[in-house]
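Peer 1:
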Amino acid sequence: MTDKSIGTRVLRRLWTMALGERSWVSRTGDFRTRERYGLVGRPNYAYGMLRAADTARYFGHDQVTIVEFGVASGAGLINMSDLAGLISQETGVSFKIYGFDTGAGLPELRGPKDHPEIWNAGDFTMEDRATLERRLAGRATIIWGDIEQTIGPFVRELNPQVPVGFVSVDVDIYSATMSALKLFDGDVLNYLPAVSMYFDDVGFFFANHWAGELAAINEFNEAHALRKIDRDRSLPSDRRPGGPRSWYGHMYACHLLDHPRRQTSMPRSQLTINAHARFMTENALF
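Those letters in the sequence shown? Residues 7 to 292, per my numbering, in order.
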């Protein structure tokens, strides 16, 4: 052990005693460690995108498509674009980023499933479309219009070489969420075998399984025998210090059970219990 490593260990111990482990990680940790400690901006996106990159790499892809439904001010899409560079440096996986938005706020509400008690048509109208497009030029593409009309052509253009790996749904209402989930109606090879998802509007007092995004998830699952959206069951995790965080309950995964990679085992040697645990850890599969 070198004098430098001993010095670092002593400094870390003193630092964490005085300021805590999170402070040390914030100052010295790499991206993956800072993400695990919740020290990266917009942690739900950081987690979902890192999941997508790790899953892509495990299945032999070096590019993934990620999608945000509901761009609004554009803060999320800008953050996605910033995170993409950091995660690419960490994993070697690159991202194609798309956002969907009407540009005119929420569309007309169609009934109680759209939560008219809290939303109105026109809410969240984009304020400065031109400036946002300039900031995102060359980094992300926004597809303008009603998702119900724009999602079909987008799905038909998906590329199995750049499969969908992470999706954020923040369109607030049931009808728009149902349109967004048509993203998963394409050829199975256009998706990773499991796609990380974030749903923004599943954790408020009026949220329930018979309205809004939760109703759309239920109806998607009823309509698809082998494509199912479920909570991300790796969260919370004792591998993530700091205890539960509010966004954990918003993380889901779309499981493409009809994907060839979920139909048969991958060729590899048999593993012991300890070797399998190392295999899962090394491939970020927990």
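We treat Cβ as the ideally placed atom computed from N, Cα and C, and that holds for glycine.
In this text, all values refer to a predicted model and were calculated from it rather than measured experimentally.
I'd like to confirm the pairing. Which residues does DSSP put opposite PHE37 in its beta bridges?
Peer 2: PHE37 is not bridged to any residue.
Peer 1: Applying the criterion that 16 or more other CB atoms from any shown protein chain within 10 Å of the CB defines a buried residue, is PRO169 buried or exposed?
Peer 2: buried
Peer 1: Is VAL77 helix, strand or coil when you go by DSSP?
Peer 2: coil
Peer 1: Does the beta-carbon of LEU187 have 16 or more other beta-carbons within 10 angstroms, so that it is buried, or is it exposed?
Peer 2: buried
Peer 1: I'd like to check one pair, GLU219 with PHE210: are the Cβ atoms closer than 7 Å?
Peer 2: no
Peer 1: Who are TRP150's beta bridge partners in DSSP?
Peer 2: DSSP, once it has assigned bridges, lists ASP107 as partnering TRP150.
Peer 1: So, with DSSP's three-state summary, where would you put GLN95?
Peer 2: helix
Peer 1: Along the chain, where does the beta strand (DSSP E) containing PHE172 start, and where does it finish?
Peer 2: 170 to 175
Peer 1: Looking at the secondary structure, which residues open and close the beta strand (DSSP E) in which TYR197 lies?
Peer 2: Here the beta strand (DSSP E) through TYR197 covers 197 to 205.
Peer 1: From THR61, ILE149, GLU27, ALA110, pick the residue whose C-alpha is nearest to that of HIS261; which is it?
Peer 2: THR61
Peer 1: Taking only the alpha-carbon atoms, compute the straight-line gap between ILE279 and ARG245 and give it to the nearest angstrom.
Peer 2: 18 Å
Peer 1: Which two residues bound the contiguous beta strand (DSSP E) that contains LEU262?
Peer 2: That run of the beta strand (DSSP E) goes 257 to 262.
Peer 1: Please go through the same chain and pick out, in chain order, the residues whose beta-carbon is closer than 6 Å to the beta-carbon of ALA59, but skip the five residues on each side of it.
Peer 2: ILE93, THR97, VAL99
Peer 1: Below 7 Å between beta carbons: does that hold for LEU164 and ASN196?
Peer 2: Between LEU164 and ASN196, the C-beta spacing is below 7 Å.
Peer 1: With distances taken between CB atoms, is the gap from PHE130 to ALA78 smaller than 7 Å?
Peer 2: Going by C-beta atoms, PHE130 is nearer than 7 Å to ALA78.
Peer 1: Which residue comes first and which comes last in the alpha helix (DSSP H) that contains ASP236?
Peer 2: It is not in any alpha helix (DSSP H) - ASP236 instead sits in the beta strand (DSSP E) that spans 233 to 237.
Peer 1: Classify PHE101 as helix, strand or coil using the three-state DSSP reduction.
Peer 2: Reduced to three states, the DSSP call for PHE101 is strand.
Peer 1: Once DSSP output is grouped into helix, strand and coil, what is the label at ILE6?
Peer 2: The question about residue 6 has no answer, for the chain in this structure spans 7 to 292.
Peer 1: Put ILE72 into one of helix, strand or coil per three-state DSSP.
Peer 2: strand
Peer 1: Return the Cβ separation of GLY171 and VAL201 in integer angstroms, given the expectation that the two are a contact with Cβ distance under 8 Å.
Peer 2: 6 Å
Peer 1: Which residue comes first and which comes last in the alpha helix (DSSP H) that contains ARG245?
Peer 2: ARG245 -> no alpha helix (DSSP H), and no H or E assigned at all.
Peer 1: Along the alpha helix (DSSP H) that carries MET184, what are the first and last residues, could you check?
Peer 2: Per DSSP, the continuous alpha helix (DSSP H) segment holding MET184 begins and ends at 180 to 186.
Peer 1: At a threshold of 6 Å, does GLN155 count as lining the ligand ZN (C-beta to nearest heavy atom)?
Peer 2: Looking at this structure, you won't find the ligand ZN or any other ligand, since it has none at all.
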